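J.:
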Amino acid sequence: MCLRFFERGKLVSRIIYYVLRRLLFLIPTLICVIFIVFLIMALIPGDPGRTQLGLEAPQEAVDMFNREFGLDRPFLTRFFSYIGGIVTRLDFGVSYRTRSPVVSEIAGKLPVTFAVAAMSVAAAVLFGVPLGVLSAIKRSTLVDTGVTVLALFFSAIPSFWFGLMLLQLFSITLAVLPSHGVETWRGYVLPVLALAVPGSSGFIRLTRVTMLDVVHQEYINTARAKGASEYAVIWRHAFRNAALPLINGAGLMFGALLGGAVIIEAVFSLPGLGRLLVTAISQRNMPIVMGCTIFMSAVFMVIILCIDIAYAALDPRVRRRFSGGEQSG
Amino acid sequence: MTRACAAGFREVNNLADVTIAADQADAEARRAEKLRLLMRKKPKYIAEVWRVFWKNKLAVVSLAVVLFILLAALCAPLIVPYSEAIRQDVLAKFTPPGAGHPFGTDNLGRDVFSRILHGGRVSMTMGVIPTFASLLLGIVFGGAAVYCGGRVDSVVMRLCDMLSCIPGVLLALTFVAALGPGLENVLIAVTIASVPDLTRYVRSVILNIVGLEYIDAARSCGAGGARIVARHVIPNAAGPLILSAVSNIASMIMIGAGLSYLGLGIQPPNPEWGNMLAEGQNYFTRAPYLMFAPGVVILVAVLAFNLVGDGLRDALDPKLR
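In structure tokens, the structure reads:
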């Protein structure tokens, strides 16, 4: 007992060490991402001050604008002072338009985007996984075909068009849900639905494939032979082993939604990060564009890290690697 | 005696000559037969793939739909002149679908059918061109990574890792932000955004092939690098790569429509399925059909490409053949 406790402590410390190492590794990666974004921004043809102020603006005003935002300095100087600003003061620069810090602009929009993305992933999983399991256990029946066809259709529906149709039906024709804004929870229903239904097709297919892989293995027969109920066999024995790829899928969908929910936010006029980004793109408000991209990439990297940790925590094969084989016996 | 001897020799010599000639002819015939077999091998493989594909009726119907859409996009100017798609006729605005206008007219009295037809050209361009451009770049980088190995390989792969830390759509948006809205810029942005994933995919496909034993066998037979690449790697990699291209077209059409919907793609008055949705959105209480037609077309196109991809995957899978 005591020994086991000791070993568990060792395992935890190894995992903590792994997480810390990965977190530390995020820093150079993030710096490279910032460098890439800087390089992309260097592609902009013409003078940023001129682009912002228009062709008629006097040259002095353009020069002043460029000096104000430090755009007259050479590329690498700007890059290092940007990094310095982030490290020392969490300063991502200020918006060309409002002159307010990018961080506060992003922070104001963040909760909405996060809420929509998280709820959409949750809804897609809750909707897709049972259908996928059902499809796998009723393999080659009418149910399986029906679910597969459904998944095919969902994967081909453009989410923004689906959102527009939902808007039409529930906000205009039936008038039961608001068409824009998120003042109440009711405002979230349609955007989440619009993202979750097309998103669920991936989970249906993934669950079906992984479950089909698992249900033909020996240990499932063993579980049945031991007299476990069908429910227990499916959910406790089979699904637990099929669930790991789903964690990966959920994480990647969340990451994709951070960037990809842009269009849905436009459809439902949600005050989220995506709208901030699209407005900034049309205004060529580069500090905001850079801030959004870097921030979302950082979140995406953290999500991928979380997926890896979840794999390590849930998969005994990976876990064993951490404890250096002590648990193998 | 000597004469007889000499004659005998000559005869033997002749005989030997004949034998050698016969051997040569034989060898030549065998070589020709082998060549013929080799030449036949490829069409046979394609025929086999086609046979399996043909059995999947859904995939065949989808292929017909895909060809129809591509043909319609190619021949659009022959069916309806482009001027028809942007010609405004304010008197005829919001005409519901009917005889003169099969899909109705929009808020400026433009014929929705012509706009869908010509918009399809743009949408197909957005689906096809970035797919093949990024596949080509992926083959160049991925191939270089495998072929050169060592430092080149790790530099290419680390670059891909860095770029794929930025979610794909976001990377494309960032490029559009830098280059400015417009069709060409969106094409460039979407292409670059999908290069890292494709490079990694191509690299893994090629590595899988190079790791197979028959490549070692070919090499031990004295085949050079160029011969191995041309005769073994390219034919074997073609299947998975075409497959990934077909499935990619579907998602590119979707992303392209999304970017156009946001107003970042081709600019009005030029039609595109995504920006037609955005324009129709403002009038949907009055003319819901404005949003219906472009949406359904996107759905059908994406579905058809996906199904062709699925059918192709099954047909290329030797386990299912």
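Chains as they are written, first to last, in my numbering: chain G, 1 to 329; chain B, 330 to 650.
Ideal Cβ placement from N, Cα and C applies to all residues, glycine included.
Keep in mind the model is a prediction, meaning the values are calculated, not measured.
1. Could you tell me which chain G residues have their CB closer than 7 Å to the CB of B:C652, listed as they occur along the chain?
2. List the residues of chain B that G:A156 touches, going by C-beta distances under 7 Å, in chain order.
3. Given a threshold of 16 other Cβ atoms within 10 Å of its Cβ, counted over all protein chains shown, does B:D418 qualify as buried or as exposed?
4. Determine the direct distance from the alpha carbon of G:I247 to that of G:Y311, and round the result to whole angstroms.
5. Please list the terminal residues of the continuous alpha helix (DSSP H) segment that includes G:N66.
6. Taking 7 Å as the limit between beta carbons, can you name the residues of its chain near G:F162, skipping five residues before and five after?
7. Within the continuous alpha helix (DSSP H) that includes G:T210, where are the two ends?
8. When you compare the CB of B:Q610 with every CB in chain G, is at least one pair closer than 9 Å?
9. Distance check for G:F38 and B:N599, CA to CA, integer angstroms please.
10. Just to confirm before moving on: does the CB-CB distance between B:P496 and B:M581 stay below 9 Å?
11. Just the Cα atoms here: how many angstroms apart are G:R50 and G:S159?
12. Do you know how far the Cα of G:M296 is from the Cα of G:E265?
13. Mapping DSSP to helix, strand and coil, what is G:V94?
14. Taking the alpha carbon of B:L488 as the point to measure from, which residue in G:V33, G:Q59 and G:M290 has its own alpha carbon closest?
15. Under three-state DSSP, which class holds G:T141?
16. How many angstroms separate the CA atom of B:Y411 from the CA atom of B:S443?
17. Near B:C494, which residues of its chain fall below 6 Å by C-beta distance, leaving aside the five closest residues on each side in sequence?
18. Under the rule that 16 or more other beta-carbon atoms within 10 Å means buried, what is B:A567, buried or exposed?
19. Check this for me: beta carbons of G:K10 and G:L276, under 9 Å apart or not?
20. Excluding sequence positions up to five away, which residues of its chain have a Cβ less than 6 Å from the Cβ of B:L500?
21. So G:R97 packs on G:Q283, CB below 8 Å; how close in whole Å?
22. With a cut-off of 8 Å on the beta carbons, I'd call G:A156 and B:L632 a contact; round off their distance for me.
23. Just the Cα atoms here: how many angstroms apart are G:A123 and B:F382?
24. Determine the chain G residues that contact B:M289 at a beta-carbon separation under 8 Å, and present them in chain order.
25. When you check each C-beta in the segment 502-515 of chain B against every C-beta of chain G, which residues fall closer than 8 Å?
26. DSSP state of B:D352, grouped into three classes?
T.: Once the coordinates are examined:
1. Given that chain B is displayed from residue 330 to residue 650, the structure contains no residue 652 of chain B and the question cannot be resolved.
2. Within the first sequence, numbered from 1, the residue matching residue 156 of chain G stands at position 156. What G:A156 touches in chain B: L628, V631, L632 and N635.
3. In the second sequence, the residue the question calls residue 418 of chain B occupies position 89. The residue in question, B:D418, is exposed, as its Cβ has fewer than 16 Cβ neighbours within 10 Å.
4. Numbered from its first residue, the first sequence carries residue 311 of chain G at position 311. Numbered from its first residue, the first sequence carries residue 247 of chain G at position 247. Their backbone Cα atoms lie some 8 Å apart in a straight line.
5. As a first step, residue 66 of chain G is located in the first sequence; it is residue number 66 there, counting from the start. Note, G:N66: alpha helix (DSSP H), Q59 to E68.
6. Here residue 162 of chain G refers to the residue found at position 162 when the first sequence is read from its first residue. Only A194, V197 and P198 meet the Cβ criterion.
7. For the purposes of this step, residue 210 of chain G is identified with residue 210 of the first sequence, where counting begins at 1. That run of the alpha helix (DSSP H) goes R186 to V215.
8. Numbered from its first residue, the second sequence carries residue 610 of chain B at position 281. Closer than 9 Å: yes.
9. Within the second sequence, the letter at position 270 stands for residue 599 of chain B. Within the first sequence, the letter at position 38 stands for residue 38 of chain G. One alpha carbon belongs to B:N599, the other to G:F38, and they sit about 32 Å apart.
10. Against the second sequence, residue 496 of chain B aligns to sequence position 167. Against the second sequence, residue 581 of chain B aligns to sequence position 252. For B:P496 and B:M581, no; Cβs fall outside 9 Å.
11. For the purposes of this step, residue 50 of chain G is taken as residue 50 along the first sequence, with counting starting at 1. For the purposes of this step, residue 159 of chain G is taken as residue 159 along the first sequence, with counting starting at 1. Using only the alpha carbons, I get a separation of about 37 Å.
12. Stepping through the first sequence from its first residue, residue 265 of chain G is reached at position 265. Stepping through the first sequence from its first residue, residue 296 of chain G is reached at position 296. About 16 Å.
13. Locating residue 94 of chain G in the first sequence gives position 94, where the first residue counts as 1. Here G:V94 sits in strand by DSSP.
14. Against the second sequence, residue 488 of chain B aligns to sequence position 159. The shortest Cα separation from B:L488 among G:V33, G:Q59 and G:M290 belongs to G:V33.
15. Sequence index remark: in the first sequence, residue 141 of chain G carries index 141 (1-based). If DSSP states are grouped into helix, strand and coil, G:T141 belongs with coil.
16. The sequence position of residue 411 of chain B within the second sequence is 82, counting from 1. The sequence position of residue 443 of chain B within the second sequence is 114, counting from 1. Answer to the nearest angstrom: the Cα atoms are 8 Å apart.
17. Numbered from its first residue, the second sequence carries residue 494 of chain B at position 165. Within the same chain, B:C494 has no close Cβ partners at all.
18. Position 238 of the second sequence, counted from the start, is the residue given in the question as residue 567 of chain B. B:A567 is exposed by the Cβ-count criterion.
19. Mapped onto the first sequence, residue 10 of chain G falls at position 10. Mapped onto the first sequence, residue 276 of chain G falls at position 276. Against a cut-off of 9 Å, the Cβ pair of G:L276 and G:K10 comes out as no contact.
20. Here residue 500 of chain B refers to the residue found at position 171 when the second sequence is read from its first residue. So the list reads A522, once near-sequence residues are dropped.
21. Taking the first residue of the first sequence as position 1, residue 97 of chain G is located at position 97. Taking the first residue of the first sequence as position 1, residue 283 of chain G is located at position 283. Contact check for G:R97 and G:Q283: beta-carbon distance about 6 Å, within the 8 Å limit, so the pair qualifies.
22. Here residue 156 of chain G corresponds to residue number 156 of the first sequence, with the count starting at 1. Here residue 632 of chain B corresponds to residue number 303 of the second sequence, with the count starting at 1. The pair is a contact, with the Cβ atoms about 4 Å apart (cut-off 8 Å).
23. The residue given as residue 123 of chain G occupies position 123 in the first sequence. The residue given as residue 382 of chain B occupies position 53 in the second sequence. So the alpha carbons of these two residues sit roughly 35 Å apart.
24. Missing from the structure shown is residue 289 of chain B; chain B here goes from 330 to 650 and no further.
25. Answer set for the segment 502-515 of chain B: L502, T503, F504, V505, A506, A507, L508, G509 and P510.
26. As a position in the second sequence, residue 352 of chain B is number 23, starting the count at 1. Here B:D352 carries a helix assignment [DSSP, helix/strand/coil].
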